[in-house]
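S.K.: Can you read through this structure? Questions will come right after.
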Amino acid sequence: MTSNVRSLWFHQASPRQFFLALLACLGLLCLSGVTQAEQFVLFDTTFTLTKEDADKTKSHYYLKDDALNPERPKDWTSPIDYRNGTVHIRMEVLEKPKGNEATTWSLCYIPYKGQKNNYGCTGSPTYKKPGVYEMDVPMTKFWENDSIIWTEGIKEMHLVVKDTSGGAGHAHKRADHEKFFPLKIRITMVQVSAGAKYDPKAVPGLDEKK
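Mature numbering (1 follows the signal peptide of the UniProt record, and there is no 0) puts the sequence shown at residues -37 to -1, 1 to 173.
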């Protein structure tokens, strides 16, 4: 619509037509804002892991379907693009054995439908003592992220405690396992849409005290 035509329309439009057009414009603006600033909590869990537990699970802690946000999207690509966004990882280490042994976690997405490896894992911040640790990770940068068919959704998360020696460094295998267990930790993962920035104020019940 050219500027002359727009001007003619505004002069000839009835008050009701003008009002409806204004509402439509405001609706588009609001929709655009929501699309660009969406995020959701995938999970927020606090748990304790002992050496005995870790021996049984090979250092894994499992979050099955009902432990994840029931309102998480089925399709992570549309209408809101989380697949090309970021994940904000927040780890609140509540209890850890003395010794300041460097510890990290693999946080693995288990999809309803996969390909190649059939799952993908991002890494957590590394920590040595109790405290709060946070980081943002691009969803297209972590290990085997393209093995997940993101249009089909995520059914589980597998959280794996490790040392810093690499992929096979499961903590329960360490001869000095007493440096890792028992542990108590709170892990929160927040999915942020493409082009948006993580907003801690939008996460219910999140304690931002460091």
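Each residue gets a CB set at the ideal place from its N, CA and C atoms; glycine is no exception.
Since this is a predicted model, take the numbers as computed values, not measurements.
Among the candidates S110, T151, T89, K142, whose CA atom is the shortest distance from the CA of T13?
M.R.: K142
S.K.: So, at 7 Å on beta carbons, what are the nonlocal neighbours of G77 in its own chain, with the 5 sequence-adjacent residues on each side left out?
M.R.: S110, I111, I112
S.K.: Can you give me the C-alpha to C-alpha distance between A138 and V124, rounded to a whole angstrom?
M.R.: 15 Å
S.K.: Which residues bound the alpha helix (DSSP H) around E15?
M.R.: 14 to 20
S.K.: Less than 6 Å between C-beta atoms, sequence neighbours within five positions excluded: which residues of the same chain meet that for R53?
M.R.: E97, T151
S.K.: Would you mind stating whether E119 and G83 have Cβ atoms separated by less than 8 Å?
M.R.: no
S.K.: Using only alpha-carbon positions, find the residue among T67, Y72, G158, H23 that is nearest to I117.
M.R.: The shortest Cα separation from I117 among T67, Y72, G158, H23 belongs to Y72.
S.K.: Between the C-alpha atoms of F6 and D44, what's the straight-line distance to the nearest angstrom?
M.R.: 18 Å
S.K.: DSSP state of D109, grouped into three classes?
M.R.: helix
S.K.: For A165, which residues in the same chain have their Cβ closer than 8 Å to its Cβ, ignoring the five residues on either side in sequence?
M.R.: Same-chain partners within the cutoff: Q2.
S.K.: Does the count of Cβ pairs from the segment 55 to 65 and the segment 14 to 23 closer than 8 Å reach three?
M.R.: no
S.K.: Can you tell me which residues form a DSSP beta bridge with residue 178?
M.R.: The requested residue 178 does not occur in the structure, where the chain is confined to residues -37 to 173.
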